[in-house]
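The listed protein sequences derive, respectively, from chains A and B. Quick note on this note's numbering: the first sequence kicks off at 1 and runs consecutively. Quick note on this note's numbering: the second sequence kicks off at 1001 and runs consecutively. Working notes for the structure below.
2 protein chains.
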Amino acid sequence: MTDLNKLLTPLFLSEKEIRKIIELIFFSYREFTLGPDEILNKINYGRAHHRVIYFVGKQNNITIKDLLGILKITKQSLSRVLNQLVKEKYILVSIGEDKRTKKLCLTQKGLDLEAKLSKIQIDKIKSIINDAKESDINGFKKILYSMIDEKSKKIFNKINE
Amino acid sequence: MTDLNKLLTPLFLSEKEIRKIIELIFFSYREFTLGPDEILNKINYGRAHHRVIYFVGKQNNITIKDLLGILKITKQSLSRVLNQLVKEKYILVSIGEDKRTKKLCLTQKGLDLEAKLSKIQIDKIKSIINDAKESDINGFKKILYSMIDEKSKKIFNKINE
DNA sequence: TTATTTAGGTCAGTCATATTGACTTAATTA
DNA sequence: TAATTAAGTCAATATGACTGACCTAAATAA
C-alpha cells in the first residue's frame, strides 16, 4: 500500500483493522457456543442438536422442510440428529394437515433442555447489554443483520414476524 | 413475566429481542465463512485449514505451541491439518532457536491461498463498512470484544501488538 | 549432573457433523 | 392420471475434533 493510499483510506477501513474484526468474529463465536457445547457434550449431543432444539422451540409445529430451510443442511444430516432427539423424547412428531408433512414440537424435556442451553447465551448477552451503551448494541445488531444474505434475511424476518 | 417486570425491562433487553441477536449471530457467522469454505472445498480442505493458514500468516514464525494456544484444539487435531499444509507446500517448517520448537511460515503458495480466502471476508467487511455508520462499526467491534473471555482477549491483544 | 519439565510427534480408536448419490413411499396437485 | 412434493432411508465418504497412551529430544531446575 502506497503512502497516498494510506492517506486516502480511513483508519477504520485499513486491512489491519479489518483483520482484527475477522479475529474478533472468530474468538467471539467460539466463546459464544462454548457454554452450551459443554452441556451438550455431557449427554453426547453437539452443536447440531442445539440448533434443532432452538428452532423447533422458536417455531412450534415447524415442518421438516422449513427446518431444513433454516438450517441449510441436508435431509440426511438432519435425520440423524432429529431421530436421536425424537427417540430420547426431546421432540414430539405429529402429522400435519397436509398428511405428507410432519409437525415438530418440543416436549417438556425438550423445553427444559432448550431453556438450559439458551439461558447461557441469553445471560451472556444480557450481561453485555447491561455494561454497554444502547447505541453500541444497536450498531452490533445492524452490522450482524447486514452480514446476512438476502435469503437468510427473509427467513430471519419470517420467524420473527 | 409479570406486567411490572415488563415495565421495568427495557424493550431492547427483552428475551425476545435477545433471541433475535442469537439468531443474527448464527446466520451471520454461517454466511461469513461460506465464501472461503467453497474455495477450500474445491481443494479438499476445510475451515480448520483456513484457520491455520490465517494465523500462520498473521504471526510469522509462530510455534506449534502458540498456534495451539490460539486455536484451542488438541495437538492431534492440528497435526492432521498442518501436515497436509506442509506436505502440499503451503507452510514451511524450520527449527527455532530453542531447538525443541518449530517455526511455521507461509510459502508463496500459502500466501496466495491466504490472500484469496481472506479477501472474500475482507471485501465483505469493507462493503459493510462503506454502507454503515462509523459509530455502528465501533459498536459492533466493542460488543464482539466484550463477548470474548479474558484469556482470548489477551491472545487477541498479543497478536495485534 | 541428574531429574524434571517442555515442545513436539505419533498411533489407535471414537464421535459428531456433514456431504453426495440413489432410491422409496405416500400424499397432494396440476 | 401424471407430476410434484414431503419425508425417509441406505451407503459411502470427508472433515473436525476428541481421549489416551506413548515417545524423543532439548532445556531447565534441583
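Glycine is no exception: its CB is placed at the ideal position from the N, C-alpha and C atoms. Note that the coordinates shown come from a computational prediction; the quantities given were computed from them, not determined experimentally.
| query | result |
| --- | --- |
| Just confirm the distance between the C-beta atoms of residue 37 of chain A and residue 47 of chain A, as a whole number of angstroms; I'd bet it's less than 8 Å. | 6 Å |
| Kindly confirm or deny that the segment 1137-1146 of chain B and the segment 126-146 of chain A touch, where touching means at least three C-beta pairs closer than 8 Å. | yes |
| Does chain A have any CB closer than 7 Å to the CB of residue 1029 of chain B? | yes |
| Hey, which unbroken runs of the alpha helix (DSSP H) at 4 residues or more fall wholly within the segment 95-146 of chain A? | 108-131 |
| Name the two residues that bound the continuous alpha helix (DSSP H) containing residue 1061 of chain B. | Premise fails: residue 1061 of chain B is in no alpha helix (DSSP H) and is neither H nor E. |
| With 7 Å set as the bound, which would you pick, yes or no: does the beta-carbon of residue 1014 of chain B sit closer than that to a beta-carbon of chain A? | no |
| 7 Å is my cut-off, CB to CB: does residue 61 of chain A come that close to chain B? | no |
| Should residue 114 of chain A be labelled buried (16 or more other beta-carbon atoms within 10 Å of its own) or exposed? | buried |
| So, does the CB of residue 136 of chain A fall closer than 7 Å to a CB anywhere in chain B? | yes |
| Please list, in chain order, the chain A residues whose beta carbon lies closer than 9 Å to that of residue 1152 of chain B. | 27, 28, 30, 31 |
| Exposed or buried, what is residue 1110 of chain B when buried is set at 16 or more other beta-carbons lying within 10 Å of its beta-carbon? | buried |
| Please report whether the beta-carbon of residue 144 of chain A lies at a distance below 7 Å from any beta-carbon of chain B. | yes |
| Measuring only the C-alpha atoms, how far is residue 49 of chain A from residue 72 of chain A? | 14 Å |
| Listing by chain order, which chain B residues have their CB less than 9 Å from the CB of residue 20 of chain A? | 1141, 1156, 1160 |
| Where does residue 1148 of chain B sit, in a helix, a strand or coil, going by DSSP? | coil |
| Do residue 64 of chain A and residue 56 of chain A come within 7 Å of each other at the CB atom, strictly closer than that value? | no |
| By the criterion of Cβ-Cβ separation under 7 Å, what are the contact partners of residue 121 of chain A in chain B? | 1022 |
| Examine chain B for any beta-carbon lying closer than 7 Å to the beta-carbon of residue 129 of chain A, and answer yes or no. | yes |
| Got a sec: is the Cβ-Cβ distance from residue 969 of chain B to anything in chain A below 7 Å? | The first residue shown for chain B is 1001 and the last is 1161, placing residue 969 of chain B beyond what the model contains. |
| In or out: residue 18 of chain A buried (at least 16 other Cβ within 10 Å) or exposed? | buried |
| For chain A, check one thing: does any of its Cβ atoms lie closer than 7 Å to the Cβ of residue 1064 of chain B? | no |
| Contact defined as beta carbons within less than 8 Å: I believe residue 1159 of chain B pairs with residue 31 of chain A. What is the distance between those atoms, to the nearest angstrom? | In fact, because the Cβ distance is near 16 Å, the residues do not count as touching under 8 Å. |
| By DSSP, does residue 43 of chain A sit in helix, in strand, or in coil? | coil |
| For residue 58 of chain A, which residues from the same chain have a beta carbon less than 8 Å from its beta carbon, with the 5 sequence-adjacent residues on both sides left out? | 159 |
| Look at the alpha carbon of residue 1088 of chain B and the alpha carbon of residue 29 of chain A, and state the distance between them as a whole number of angstroms. | 30 Å |
| Please name the residue or residues paired with residue 1093 of chain B in a DSSP beta bridge. | B/1104 |
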